[in-house]
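Asker:
Number of protein chains: 2
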Amino acid sequence: MQKVTIATVARRAGVSRQTVSNVINTPDVVREETRERVREAIEELGYRVNQAARQMRTGRSRLIAVRIEPARDGINGSVLDRFLHGLTDAAGLAGYRVMLYTAGGDADEIATYDELLNAYDLDAFVLTSTHHGDPRTSWLAARDVPFVTFGRPWGAPDTHSWVDVDNAAGTAAATSHLLSAGHRRIGFLGWPAGSGVGDARREGWHRAAGLSALSATSSDGVEPGAAAAKSLLSRPEAPTALVCASDSLALGALQAARELGRDCAVVGFDDTAVAQAIGLTSVSQPLAEAAARCMGLLTELLDGRAPSLPTTVLLPPSLVVRQTA
Amino acid sequence: MQKVTIATVARRAGVSRQTVSNVINTPDVVREETRERVREAIEELGYRVNQAARQMRTGRSRLIAVRIEPARDGINGSVLDRFLHGLTDAAGLAGYRVMLYTAGGDADEIATYDELLNAYDLDAFVLTSTHHGDPRTSWLAARDVPFVTFGRPWGAPDTHSWVDVDNAAGTAAATSHLLSAGHRRIGFLGWPAGSGVGDARREGWHRAAGLSALSATSSDGVEPGAAAAKSLLSRPEAPTALVCASDSLALGALQAARELGRDCAVVGFDDTAVAQAIGLTSVSQPLAEAAARCMGLLTELLDGRAPSLPTTVLLPPSLVVRQTA
DNA sequence: TATCAGAATTTGATCGTTCAAGACCCAGGA
DNA sequence: TCCTGGGTCTTGAACGATCAAATTCTGATA
């Protein structure tokens with residue numbers, strides 16, 4: 001089976017190479033009848049555009065890169081996993097492919113950008129886990145590399161397009177749910193101030209609960225969460241319900257309540273496998289949609305039809321009610 | 001900043017294009033002194049080989065593809081996630097990159113192979129979730145496409161190289177652990193016969209426990225697992241410990257025991273986030289190593305220095321002991 | 001019928017690399 | 001002196017697509 005190139009198709013259809021190329025890339029400049037003839041030839045021969053050749057001329061690879069992170073916590077790891085799946089799907093529909101890379105830190109990641117851009121002509125990047133003073137976005141912006149972040153630019157102006165989930169709305173919804181279930185003293189278990197995501201989740205609870213006293217912080221994890229929850233539940237005016245910044249913390253809270261023999265409603269965040277498994281009510285991020293929107297913004301950027309101002313997308317999460325609240 | 005090509009480097013080093021190419025690909029044919037001069041030029045200019053151009057000549061892309069599956073169960077999803085991370089790392093070290101794709105079923109996946117091979121000149125594939133009568137491997141083999149499977153060819157001869165985790169050894173280790181803890185009636189909670197992985201996990205338990213009566217099956221999931229565990233625990237000679245084919249089933253078993261007010265040791269499989277979170281003893285697969293070995297086999301195939309017979313790698317899992325056993 | 005604009009199609013060059021073949025240099029043997 | 005041959009380096013062509021410019025076709029108008 002010989003290799004089928006654009007020339008093979010051209011011969012079969014009785015036209016020139018360029019016409020075949022036009023049928024593929026700018027069909028409207030080709031006469032209807034010719035177009036049909038060429039399309040048939042393409043079909044019969046099973047022709048597929050050779051990306052490498054196309055890329056050499058156009059300088060575009062139809063490849064976008066995403067970093068795959070080590071599943072840190074394990075519990076939260078699946079968030080990225082689901083996002084990745086959604087992104088791969090969305091990219092495929094838009095005619096792009098997703099390439100993975102790993103990186104040890106921001107500097108390492110930037111070095112990888114350089115490598116990927118030079119060697120593979122990557123078209124764009126999707127960044128996750130944005131944080132305060134993120135050096136990656138400025139590096140990419142300075143070089144006019146198209147990119148979108150999943151996560152807003154914390155503490156910085158909106159100089160690029162991003163997609164994020166409205167974390168505050170999530171905890172607010174959780175709090176409202178608890179309020180309408182009759183709870184009046186609703187506490188919050190979160191991370192130390194400073195992380196954008198964590199602060200937003202606290203803010204949503206605060207806005208809906210209207211009180212700021214019943215709040216505790218700890219690093220993420222089941223054990224630390226249990227310890228922090230215990231101190232909260234041992235106060236004089238102990239909460240009857242806890243909104244937590246993560247499923248790990250929520251799990252800790254459940255353990256603490258059980259150990260203290262207390263009845264305490266608990267809501268987690270991220271709707272991870274753990275939540276599903278143990279019946280934990282949790283706030284669920286629309287990851288597939290977030291991924292699709294990221295891809296949407298990217299194709300806008302790549303097709304040059306992007307608005308001059310960066311677009312920002314804020315998606316509402318949803319509350320998945322289970323047994324714990 | 002002008003684009004740096006092999007010609008730029010050649011000019012700077014005062015040699016021809018081909019010599020630069022030789023320094024990169026076959027350094028031993030270039031005189032020591034020249035080689036050094038060229039290397040310096042490459043360094044100073046920050047030159048990187050353009051993959052698209054190279055690919056056009058050589059027909060090889062230095063890209064390998066892996067399918068990213070939807071996180072079915074949620075609990076088990078993270079297994080693939082961790083494997084992917086390891087594979088991306090290992091591929092990077094070998095000078096390859098990982099590309100993702102999704103597919104709805106075997107036929108769909110095969111169509112994707114065709115597309116990826118034609119359009120992107122993919123060098124190789126890594127298949128996961130192999131199963132009885134898998135059509136994917138024969139399709140690839142018929143076209144001489146290099147590939148490795150993570151998971152052995154169930155019910156078929158070893159016509160290709162594969163890497164797998166010794167599932168039977170995992171459940172055997174779990175059973176031995178329980179035996180040495182004093183348990184004498186150790187049951188097994190698994191999936192219906194027919195899946196290679198599931199059968200192997202049962203087999204390991206059977207071998208170590210020496211009895212086959214105390215076994216029950218159900219589809220994967222917490223609820224079904226709880227139901228099946230209940231029936232086991234309600235028998236006259238009820239087991240005092242249960243080895244399970246997955247963490248989901250194990251979680252179900254724990255719930256069943258609690259509801260029945262029974263004390264029952266439980267061991268899961270895969271050491272997922274759920275196991276870590278709730279202190280479930282579980283069998284852990286060496287996913288990073290499995291990924292690295294897959295990559296190792298692939299590079300052998302790709303460099304043409306593969307042994308004539310397919311290589312098979314069977315890795316031992318390890319038992320992570322926590323509170324439940 | 002001749003002319004002309006616009007549509008449709010073709011031609012030649014090019015992207016950056018590697019392959020294949022040829023050129024050059026120098027030491028050693030006839 | 002001339003030839004041989006291995007080591008080193010250079011030259012032109014090719015991979016398969018698209019760009020830019022040139023050419024041919026078509027149909028309407030004078």
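Quick mapping for you: the protein sequence lines, in order, are chains A and B.
Using the numbering used here, the first residue of the first sequence is number 1, and each one after it goes up by one.
Using the numbering used here, the first residue of the second sequence is number 1, and each one after it goes up by one.
The C-beta atom is built at its ideal place from N, Cα and C for all residues, glycine as well.
#1: In angstroms, rounded to a whole number, what distance separates the CA positions of B/Gly279 and B/Gly204?
#2: Compare the C-beta of B/Glu43 against all C-beta atoms of chain A and say whether one is closer than 8 Å.
#3: Quick check: the region 22–30 of chain B against the region 191–199 of chain A, are there 3 or more CB pairs under 8 Å?
#4: Answer yes or no: does any C-beta atom of chain A fall closer than 8 Å to that of B/Pro70?
#5: Quick check on DSSP: helix, strand or coil for A/Ala238?
#6: Quick check on A/Arg207: does DSSP put it in helix, strand or coil?
#7: Check distances from the C-beta atoms of the region 19–37 of chain B to those of chain A and list, in chain order, the residues that come in under 7 Å.
#8: Rounded to the nearest angstrom, how far is the Cβ of A/Leu233 from that of A/Ala257, given a contact under 8 Å?
#9: Going by beta-carbon coordinates alone, are A/Ser328 and A/Asp134 separated by less than 8 Å?
#10: What residues match up with A/Asp164 in a beta bridge as DSSP calls it?
#11: Near B/Val9, which residues of its chain fall below 8 Å by C-beta distance, leaving aside the five closest residues on each side in sequence?
#12: Which word fits A/Trp202, buried or exposed, when buried means at least 16 other C-beta atoms lie within 10 angstroms of its C-beta?
#13: Could one say the Cβ of B/Asn50 lies closer than 8 Å to chain A's Cβ atoms, at least one of them?
#14: Evaluate A/Arg152 with the Cβ neighbour count: other Cβ atoms within 10 Å of its Cβ, from every protein chain shown; 16 or more gives buried, anything less gives exposed.
#15: According to the Cβ coordinates, are B/Leu178 and B/Ala325 closer than 8 Å?
#16: Any beta carbon of chain A sitting closer than 8 Å to that of B/Val295?
#17: If you drop the 5 nearest sequence neighbours on each side, which residues of the same chain put their C-beta closer than 7 Å to that of A/Ala273?
#18: Here's the rule I'm using: 16 or more other beta-carbon atoms within 10 Å means buried, otherwise exposed. How should B/Leu319 be labelled?
#19: Can you list, in chain order, the residues of the region 108–120 of chain B whose Cβ is nearer than 7 Å to any Cβ on chain A?
#20: If we count the other Cβ atoms within 10 Å of its Cβ and call it buried at 16 or more, is B/Arg54 buried or exposed?
#21: So, is the C-beta of A/Ala245 closer than 8 Å to a C-beta in chain B?
#22: Compile a chain-ordered list of the residues in the region 77–102 of chain A whose CB is closer than 9 Å to at least one CB of chain B.
#23: Give the DSSP-derived three-state secondary structure of B/Val49 in the structure shown.
#24: Measure the beta-carbon distance from A/Pro317 to A/Gln285 and round it to whole angstroms, keeping in mind my assumption that it falls under 8 Å.
#25: So, does the CB of A/Ala277 fall closer than 8 Å to a CB anywhere in chain B?
#26: Please state the DSSP three-state secondary structure of A/Thr34.
#27: Within a Cβ cutoff of 6 Å, which residues of the same chain sit near B/Ile75, ignoring the five residues on either side of it in sequence?
#28: Please name the residues in the region 248–276 of chain A whose beta-carbon is closer than 8 Å to at least one beta-carbon of chain B, in chain order.
#29: Using DSSP's beta-bridge definition, name the partner residues of B/Tyr101.
Answerer: With the structure as the only source:
#1: 23 Å
#2: no
#3: no
#4: yes
#5: coil
#6: helix
#7: none
#8: 6 Å
#9: Residue coverage of chain A in this structure runs from 1 to 325, which leaves residue 328 of chain A outside it and unanswerable.
#10: A/Leu314
#11: Val20, Val38, Ala41, Ile42, Leu45, Tyr47
#12: Here residue 202 of chain A is Arg; the residue named in the question, Trp, does not match the sequence. With 16 or more other Cβ atoms within 10 Å, it is buried.
#13: yes
#14: buried
#15: yes
#16: The sequence given here places Met at residue 295 of chain B; Val does not occur at that position. No, its Cβ sits nowhere closer than 8 Å to a Cβ of chain A.
#17: Ser78
#18: buried
#19: Glu115, Asn118, Ala119, Tyr120
#20: buried
#21: no
#22: Gly77, Ser78, Leu80, Asp81, Arg82, Leu84, His85, Leu87, Thr88, Asp89, Ala91, Gly92, Arg97, Val98, Met99, Leu100, Tyr101, Thr102
#23: coil
#24: 5 Å
#25: yes
#26: helix
#27: With a pLDDT of only 48 at B/Ile75, under the threshold of 50, the placement of this residue in the model should not be trusted; the figure read from the coordinates follows. Closer than 6 Å at the Cβ level, and outside the excluded window around B/Ile75, lie Asp247, Ser248, Thr272, Val274.
#28: Ser248, Leu251, Thr272, Ala273, Val274, Gln276
#29: B/Arg67
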